[in-house]
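In the numbering used here, the protein residues as written are 350 to 461.
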């Protein structure tokens with residue numbers, strides 16, 4: 350069976366604080382929402398890493414099944430734990446419709 354996947358252009362992400370980012374877009378599928386969650390967590394990890402480089406080494410997404418029909422949404426990131434070489438993070442992407450994606454990630458800190 351051959352399928353045709355529609356490629357979606359990701360909207361620009363506005364980083365409001367070290368732990369919050371937002372965007373406005375037309376309807377997006379779960380894959381696009383997961384990609385935006387990764388970008389928001391990368392920005393948060395970069396802010397925490399100082400002169401070191403934060404490299405994504407593991408990511409997991411839980412999709413709630415609630416469709417994103419368009420409008421504004423926010424991604425709130427949190428640091429669960431940080432060691433000298435790793436950052437363990439989580440994030441939730443939500444809109445007025447509710448929670449869409451919950452993500453967890455591990456970033457490796459490489460010396461500058």
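The C-beta atom is built at its ideal place from N, Cα and C for all residues, glycine as well.
Give the straight-line distance between the Cα atoms of residue i and residue j, rounded to the nearest whole angstrom.
{"i": "residue 445", "j": "residue 372", "result": "13 Å"}
{"i": "residue 363", "j": "residue 418", "result": "19 Å"}
{"i": "residue 357", "j": "residue 377", "result": "8 Å"}
{"i": "residue 414", "j": "residue 402", "result": "33 Å"}
{"i": "residue 391", "j": "residue 412", "result": "19 Å"}
Should residue i go down as buried or exposed, given a rule of 16 or more other Cβ atoms within 10 Å for buried?
{"i": "residue 460", "result": "exposed"}
Quick check on the DSSP output: the beta strand (DSSP E) that includes residue i runs from which residue to which?
{"i": "residue 357", "result": "From DSSP, residue 357 is part of no beta strand (DSSP E); its letter is neither H nor E."}
{"i": "residue 439", "result": "435–444"}
{"i": "residue 419", "result": "417–431"}
{"i": "residue 403", "result": "402–412"}
Using C-beta distances below 7 Å, list every residue in its chain close to residue i, excluding the 5 sequence neighbours before and after it, in chain order.
{"i": "residue 457", "result": "404, 406, 434 and 435"}
{"i": "residue 368", "result": "393, 425, 426 and 427"}
{"i": "residue 442", "result": "382, 385, 386, 422, 424, 449 and 450"}
Kindly list the residues whose CB is nearer than 8 Å to the CB of residue i, restricted to its own chain and excluding five residues on each side of it in sequence; keep chain order.
{"i": "residue 439", "result": "426, 427, 429, 451, 452, 453 and 454"}
{"i": "residue 398", "result": "436, 456 and 458"}
CB-CB under 6 Å to residue i, same chain, minus the five flanking residues each way: which ones, in chain order?
{"i": "residue 374", "result": "360"}
{"i": "residue 432", "result": "none"}
For the alpha helix (DSSP H) that residue i lies in, which residues bound it at each end?
{"i": "residue 388", "result": "379–398"}
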